[in-house]
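The opening position of the sequence shown corresponds to residue 1 in UniProt numbering, with each subsequent residue numbered one higher. The C-beta atom is built at its ideal place from N, Cα and C for all residues, glycine as well. For reference, the structure is listed below as structure tokens.
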Amino acid sequence: MPGLRAPADYSEEPPRHPSLKVNAKEPFNAEPHRSALLSYITPIDFFYKRNHGPIPVVDDIERYGVSVGGLVKKPIELSIFEIRKLPKYNVVATLQCAGNRRTAMSKTRTVKGVGWDVAAIGNAIWGGAKLADVLELVGISHSSTYSPLGGKHVEFVSIDKCKEENGGPYKASIPIRQATNPEDDVLLAYEMNGETLNRDHGFPLRVIVPGVIGARSVKWLDSINIIEEECQGFFMQKDYKMFPPSVNWDNINWFTRKAQMDFPVQSAICTLEDVDVVKPGKVTIAGYAVSGGGRGIERVDVSVDGGKTWLEAERYQRGNIPYQSDDVHTDKWAWVLFKAVIDIPENAVVVAKAVDTASNVQPDNVEVIWNLRGILNTSWHKVQARRAPQVAISNL
Ligand SMILES: Nc1nc2c(c(=O)[nH]1)N[C@H]1C(S)=C(S)[C@@H](COP(=O)(O)O)O[C@H]1N2
Ligand SMILES: [Mo]
């Protein structure tokens with residue numbers, strides 16, 4: 001694509017905030033400290049960055065365009081200026097990497113992949129055009145199951161050079177039904193939190209598929225193709241699939257499982273470290289809860305005795321307005337923050353567990369969902385909190 005270029009090495013990476021915890025340097029994979037997730041909208045600097053190759057460079061934005069082709073009667077190319085002229089939507093959506101909390105899963109049994117704490121997740125205001133409106137321009141109506149020429153999937157192709165694709169670009173697809181349904185809010189985003197998208201997050205244009213694992217939200221978009229079958233790229237066929245605990249690297253058959261799309265219900269405590277020392281008195285247990293597919297958060301329970309007894313936490317999104325999962329004014333694709341201020345016993349095991357609007361609950365332990373790629377660790381987030389003086393005495 002003219003105007004957008006993919007470097008072959010890491011000599012042209014953008015600057016990043018020094019406080020990020022770098023989990024892999026090349027490709028650059030980093031997350032903020034978990035305490036950065038306590039604000040409803042995650043600041044861009046502290047939003048996790050997940051890459052599979054060097055960050056592309058825009059040499060000439062005037063020449064950049066995204067092509068829309070494949071099984072369509074008349075392929076088109078849209079410049080960024082044409083995309084900006086389409087009706088603009090701001091969608092608050094949580095992006096979560098399927099590998100969020102992988103490090104904790106690998107403690108049970110080794111898994112393959114970049115390690116992440118609980119912050120491979122962020123919530124942003126994405127500004128852009130609806131994919132459904134763009135697809136109308138090539139003759140595919142809103143809420144279609146098939147395109148007129150028999151396409152069933154919409155493929156997004158980037159330009160970054162990924163090892164896993166033998167130097168080819170990152171790609172993914174979603175069903176046409178989701179892509180053309182305006183209510184599913186799939187965006188071609190050019191803004192993040194009201195600012196022009198930056199290079200790390202996909203400048204000049206990226207896809208945002210709300211409620212779905214981050215892997216499908218392709219950055220640095222080069223082309224959109226209407227295709228008959230699901231995208232055959234590495235990240236759809238040989239990665240980002242959920243296997244049962246019995247599958248290992250000797251008996252894996254990738255084709256037995258589907259590409260992961262929606263993510264399950266998740267939560268994590270962000271006010272405490274995994275092992276923490278706290279002052280006597282009340283302790284604030286707060287963090288995020290989110291579910292995929294646009295399901296809301298019905299409840300967040302917290303425990304200070306490892307899950308024997310529970311208390312319900314408060315939930316909120318913006319400001320201090322109590323959250324209601326069925327309210328039309330809530331952001332359906334966004335996380336819900338939770339908070340409980342509790343007296344804790346001397347050696348507390350603090351736990352959070354979220355319940356979504358379909359009453360799906362997080363599993364209590366990681367063993368039951370262990371999988372060799374270490375994806376979707378949604379087990380109860382447990383942290384140990386010790387009261388300061390007691391620790392000092394027992395250390396004598
Ligand atoms: N082109 C391209 N798009 C991509 C990726 C990538 O490596 N290349 N990584 C994906 C993954 S796995 C995730 S979790 C999100 C991360 O988006 P972020 O870096 O903006 O947080 O982007 C997705 N889109
Ligand atoms: Mo990811």
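- Query: If you measure from the CB of C97, is any heavy atom of ligand 2 nearer than 8 Å?
  - Reply: Working through the sequence shown from its first residue, we reach residue 97 at position 97. At least one heavy atom of ligand 2 is nearer than 8 Å to the Cβ of C97, so yes.
- Query: What span of residues does the beta strand (DSSP E) with M192 cover, start to end?
  - Reply: Start at 1 with the first residue of the sequence shown, and residue 192 comes out as number 192. Taken as a continuous stretch (DSSP letters only), the beta strand (DSSP E) holding M192 covers L187 to M192.
- Message: Nearest by alpha-carbon distance to I227: which of G70, A120 and S144 is it?
- Response: Working through the sequence shown from its first residue, we reach residue 227 at position 227. If we check each option's Cα against that of I227, G70 comes out closest.
- Residue span of the alpha helix (DSSP H) that contains S106, given as start and end: To locate residue 106, count along the sequence shown from 1; it is residue 106. Note, S106: alpha helix (DSSP H), R102 to S106.
- Item | Extent of the continuous alpha helix (DSSP H) run through I80 | The residue given as residue 80 occupies position 80 in the sequence shown. I80 to K85 is the extent of the alpha helix (DSSP H) around I80.
- Item | alpha helix (DSSP H) runs contained entirely in the stretch 153-222, provided each spans 4 or more residues | 176-179
- Message: So, under 8 Å CB-CB, A313 and V304 are touching, yes? Tell me the CB distance rounded to an integer number of Å.
- Response: Here the question's residue 313 lines up with position 313 in the sequence shown. Here the question's residue 304 lines up with position 304 in the sequence shown. With 8 Å as the limit, A313 and V304 do not qualify as a contact, their Cβ atoms being about 12 Å apart.
- What's the gap between the Cα of Q317 and the Cα of I297? As a first step, residue 317 is located in the sequence shown; it is residue number 317 there, counting from the start. As a first step, residue 297 is located in the sequence shown; it is residue number 297 there, counting from the start. Cα to Cα, the separation comes out at about 11 Å.
- Task: Could you please give me the residues that DSSP links to W126 through a beta bridge?
- Result: Your numbering for residue 126 matches position 126 in the sequence shown. DSSP, once it has assigned bridges, lists V91 and M192 as partnering W126.
- Can you give the Cα-Cα distance for R5 and N51, rounded to whole angstroms? On the sequence shown, residue 5 is found 5 positions in, with the first residue counted as 1. On the sequence shown, residue 51 is found 51 positions in, with the first residue counted as 1. Approximately 16 Å between the Cα atoms of the pair.
- Message: Can you tell me whether V391 is buried or exposed? The criterion is at least 16 other CB atoms within 10 Å of its CB, across all chains shown.
- Response: Position 391 of the sequence shown, counting from 1, holds the residue named residue 391. Residue confidence for V391 is low, a pLDDT of 49 falling below 50, so the modelled location carries little weight and cannot support an answer.
- With N132 as the anchor, note down where its alpha helix (DSSP H) starts and where it stops. Along the sequence shown, read from residue 1 onward, the residue named residue 132 stands at position 132. Asn is not the amino acid found at residue 132; the sequence shown has Ala there. Taken as a continuous stretch (DSSP letters only), the alpha helix (DSSP H) holding A132 covers L131 to E136.
- Three or more C-beta pairs closer than 8 Å, one from the stretch 227-237 and one from the stretch 166-178: is that the case here? yes
- Report buried or exposed for K279, applying the criterion of at least 16 other Cβ atoms within 10 angstroms of its Cβ. Along the sequence shown, read from residue 1 onward, the residue named residue 279 stands at position 279. Exposed is the call here.
- Task: Could you please give me the residues that DSSP links to H381 through a beta bridge?
- Result: For the purposes of this step, residue 381 is taken as residue 381 along the sequence shown, with counting starting at 1. Note: H381 sits in a beta bridge opposite A352.
- Query: Looking at the structure shown, is F367 part of a helix, part of a strand, or coil, going by DSSP?
  - Reply: If you number the sequence shown from 1, residue 367 lands on position 367. Note that residue 367 is Glu in the sequence shown, not Phe. Helix, per DSSP.
- Query: Does DSSP put I342 in a helix, in a strand, or in coil?
  - Reply: Taking the sequence shown and counting its residues from 1, the one referred to as residue 342 is at position 342. In the structure shown, I342 sits in a strand (DSSP, three-state: E or B).
- Message: Using the three-state DSSP reduction, which class does R5 fall into: helix, strand or coil?
- Response: Within the sequence shown, numbered from 1, the residue matching residue 5 stands at position 5. In this structure, R5 counts as strand in the three-state DSSP scheme.
- Message: Can you list, in chain order, the residues of its chain with a C-beta nearer than 7 Å to that of Y40? Leave out the 5 residues immediately preceding and following it.
- Response: Here residue 40 corresponds to residue number 40 of the sequence shown, with the count starting at 1. N123, Q317, R318 and L337, listed in sequence order.
- Query: Who does S67 pair with in a DSSP beta bridge?
  - Reply: Here residue 67 refers to the residue found at position 67 of the sequence shown. According to DSSP, S67 bridges with E77 and S223.
- Item | Residue closest to N90, alpha-carbon to alpha-carbon, out of K107, V368 and V186 | Sequence index remark: in the sequence shown, residue 90 carries index 90 (1-based). Here the closest residue by C-alpha is V186.
- Query: Does the distance from the CB of V265 to the CB of N360 come in under 9 Å?
  - Reply: Numbered from its first residue, the sequence shown carries residue 265 at position 265. Numbered from its first residue, the sequence shown carries residue 360 at position 360. Taking 9 Å as the Cβ cut-off, V265 and N360 qualify as a contacting pair.
- Can you tell me whether DSSP reads Q266 as helix, strand or coil? Start at 1 with the first residue of the sequence shown, and residue 266 comes out as number 266. Correct three-state label for Q266: strand.
- Task: Measure from the alpha carbon of G287 to the alpha carbon of each residue in S158, S144, V341 and I252, then state which is nearest.
- Result: The sequence position of residue 287 within the sequence shown is 287, counting from 1. The shortest Cα separation from G287 among S158, S144, V341 and I252 belongs to V341.
- Starting from the C-beta of I369, find all residues in its chain whose C-beta is less than 6 Å away, skip the five residues before and the five after it, and write them out in chain order. What you label residue 369 is simply residue 369 of the sequence shown in a count that begins at 1. Cβ neighbours of I369 beyond the five flanking positions: P363.
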